[in-house]
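In full-length UniProt numbering, the protein residues as written are 1 to 234.
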């Protein structure tokens, strides 16, 4: 990992030494700085929403409809379980309503407002600290391949792009990425880059777990739709 990127991670952690879990917009900000593609978005705190969000300000106005709004909280483990996601928001009125509803959810710290991404092939990229092997990276094809077939692969961090390609090819569902049954192949180079960046984060020894789920892949490019990260407590 580049020194400047490790310093960025250390600065993020240093904002609150008592915190273990970082919320989605913080993790995505870190990823964006590392060249990992994430949706254009704006975080609005609970106080900003309570005061009446200014949807005319430049950061919000720069977003293109339709939008998705997601509750943000370090203590909410599943946004779906608390009905904390609103999709397909087509205008300012729908956005304001979604912001009010999501900010009212127990333990909400704010709301992340983002541009909706087009459909693509969904995969999962993650990292954990294994008790025996240390920092490892996980890859899997989204949907039933992970949930039903447990079709995932693991590799030691840090990784090269060649290592990342091997990791991808180890899952049975990798054929879906290379033009299965006439579908266009996805951008394997960008996927490899994302895997390498996650491996670099894990190799710092500062992170306990990171979960990018899903990562949406396209014929050209990719985008991380959701991201979670927890750090090791010193």
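All residues carry an ideal CB built from backbone N, CA and C; glycine is no exception. Remember, predicted model here, so these are calculated numbers, not experimental data.
Note on geometry: alpha-carbon atoms of residue 224 and residue 38 lie some 5 Å from one another.
In this structure, DSSP gives residue 86 an extended state, which the three-state scheme calls strand. In this structure, 106 is the residue among 146, 106, 68 with its C-alpha nearest to the C-alpha of residue 46. Taking 8 Å as the upper bound for CB-CB distance, residue 50 and residue 111 are not in contact here, some 11 Å apart. Distances from the alpha-carbon of residue 23 to those of 179, 61, 79, 10 put 79 closest.
For residue 154, the uninterrupted beta strand (DSSP E) segment begins and ends at 152-156.
Counting only the Cα atoms, residue 98 lies some 36 Å from residue 7. In the structure shown, residue 68 adopts extended strand secondary structure according to DSSP, grouped into three states.
Counting along the chain, residue 231 sits inside the beta strand (DSSP E) bounded by residues 227-231.
Secondary structure at residue 187: coil, using DSSP grouped into helix, strand and coil. Between residue 208 and residue 129 the beta-carbon gap is near 6 Å, inside 8 Å, which marks them as a contact.
The three-state reading of DSSP puts residue 206 in coil, since its state is none of H, G, I, E or B. In the DSSP annotation of this structure, the continuous segment of the beta strand (DSSP E) that includes residue 122 starts and ends at 121-130. Beta bridge pairing from DSSP links residue 211 with 126, 228.
When the beta-carbon positions are compared, residue 60 and residue 113 come within less than 8 Å of each other.
Between residue 227 and residue 20 the beta-carbon gap is near 16 Å, outside 8 Å, which marks them as no contact.
Residue burial annotation: residue 89 is buried, with at least 16 other C-beta atoms found within 10 angstroms of its C-beta.
Beta-bridge analysis with DSSP links residue 222 to 217. Residues of the same chain with a CB within less than 8 Å of the CB of residue 221, apart from the 5 flanking positions on each side, are 37, 187, 190 in chain order. Per DSSP, reduced to three states, the secondary structure at residue 22 is strand.
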